[in-house]
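See structure below.
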Amino acid sequence: MIARSRRAAPVLVCRKCLKRSDEGRDVRRALKSELKASKRDGTKPAKLVMTGCFGLCPKNSIVLASGASLTRQEYVLVADRDQVPRALALLDGERGE
Numbered sequence: 480m481i482a483r484s485r486r487a488a489p490v491l492v493c494r495k496c497l498k499r500s501d502e503g504r505d506v507r508r509a510l511k512s513e514l515k516a517s518k519r520d521g522t523k524p525a526k527l528v529m530t531g532c533f534g535l536c537p538k539n540s541i542v543l544a545s546g547a548s549l550t551r552q553e554y555v556l557v558a559d560r561d562q563v564p565r566a567l568a569l570l571d572g573e574r575g576e
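Those letters in the sequence shown? Residues 480 to 576, by the numbering used here.
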C-alpha cells in the first residue's frame with residue numbers, strides 16, 4: 480500500500496547547528512514562516528523537521544536538506560535569516576552555482 484501526503488516534502492535541519500548558532504532562533508522562525516507562506520493551493524505547508532547531525536558541522540552556518548537535495552548529495556548552509564528564501568529555493572531543486 481502506498482500513501483501520499485497532502486503536505487509538501489519536509490525540510491530537514493540539523494538540531495545541533497541550530498543550537499550552536501547565534502542566529503539559530505531567527506533562522507528557525509524565518510524557515511517556518513517561509514514554509515507557511517510558500518504553501519500551494521490544496522496542500523498543507525511543509526514541515527520543518529529537526530534531525531541529528533549530518534556530519535558537516537560548519538562553524539557559523541546551519542545545515543539544511545530535503546529529500547531532493549539528499550538525492551543529489553547536496554546540503555544547503557544558512558548563516559542568517561536573510562539567506563532563508565534562497566536556501567528553500569535551492570532545496571526545491573533549483574541548482575545553485
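Where a beta carbon is used, it is the ideal one built from N, C-alpha and C, also for glycine.
Rank L567, D501, G572 by C-alpha distance to the C-alpha of D559 and give the top, closest one. Within the sequence shown, residue 559 is the residue found at index 80, counting from 1. Nearest C-alpha to D559: D501.
Whether L510 touches S545 by CB criterion (8 Å): On the sequence shown, residue 510 is found 31 positions in, with the first residue counted as 1. On the sequence shown, residue 545 is found 66 positions in, with the first residue counted as 1. It is not a contact, given that the beta carbons lie outside the stated cut-off.
Just the C-alpha distance for L567 and I481, rounded to the nearest angstrom, thanks. Stepping through the sequence shown from its first residue, residue 567 is reached at position 88. Stepping through the sequence shown from its first residue, residue 481 is reached at position 2. One C-alpha to the other measures close to 27 Å.
What's the call for A516, buried or exposed, on a 16-neighbour Cβ count within 10 Å? Here residue 516 refers to the residue found at position 37 of the sequence shown. Classification for A516: exposed.
From R494 to C532, what distance separates their C-alpha atoms? Position 15 of the sequence shown, counted from the start, is the residue given in the question as residue 494. Position 53 of the sequence shown, counted from the start, is the residue given in the question as residue 532. If you take the alpha carbons of R494 and C532, they lie about 7 Å apart.
Can you have a look at C496 and say buried or exposed, based on whether 16 or more other CB atoms are within 10 angstroms of its CB? Residue numbering aside, residue 496 sits at position 17 when the sequence shown is read from its first letter. Per the 10 Å Cβ criterion, buried.
Among residues of its own chain, excluding the 5 on either side of K518, which ones have a beta-carbon nearer than 6 Å to its beta-carbon? Within the sequence shown, the letter at position 39 stands for residue 518. P524.
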